[in-house]
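Participant: Below is one structure. I have some questions about it.
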Amino acid sequence: MDNTPAPPPPHQPGLPQPQPPEEPPQQVAVWYFIAATFIFVMPGLMFPDAAAWVRILLFVAGLLVIAAGGIQFAKEIRERRNLPPSVPPAT
C-alpha cells in the first residue's frame with residue numbers, strides 16, 4: 141500500500157484563488173472606420189469612370205460600415221466602464 145498523501149483538492153472553499161491577469165479589451169471599432177474610409181475613396185481612386193449607381197452603392201455601404209463601427213465603439217466603451225478593478229479589495 142502506498143503511503144503518499146493525496147493531492148489537495150483543486151478548489152478549497154473560503155480561500156481566494158489567484159486569477160490570471162485580464163487582457164484589455166480589443167479595439168475593433170477603429171478598423172470599421174478605416175474600412176469605411178477606403179470604401180468612400182475607392183470609386184474615385186480605382187473606378188473613376190464608374191456609373192452613378194456604383195458610386196451611390198459604395199457611399200451607402202460606407203455609411204453602413206460607419207454605423208456598424210459606431211455600434212461597436214459604444215459596445216467597447218461600455219465594456220471599458222464595466223471592467224472589474226484589477227486589485228481585489230482587502231478583507
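Heads up, the sequence shown is in the working numbering, so the first residue is 141 and it goes up one at a time. Heads up, the beta-carbon is just placed ideally off N, CA and C, and yes, glycines get one too. This one's a predicted model, so the numbers in the text were calculated from it and none came from an experiment.
Are the Cβ atoms of Q167 and E219 separated by less than 8 Å?
Facilitator: no
Participant: Examine chain C for any beta-carbon lying closer than 8 Å to the beta-carbon of G209, and answer yes or no.
Facilitator: Absent here is chain C; the protein component of the structure consists of one chain.
Participant: What did DSSP end up calling P147 once you bin it into helix, strand or coil?
Facilitator: coil
Participant: By how many angstroms is the C-alpha of I196 removed from the C-alpha of V181?
Facilitator: About 12 Å.
Participant: Would you kindly check if the distance between the Cβ of A176 and the Cβ of V194 is under 8 Å?
Facilitator: no
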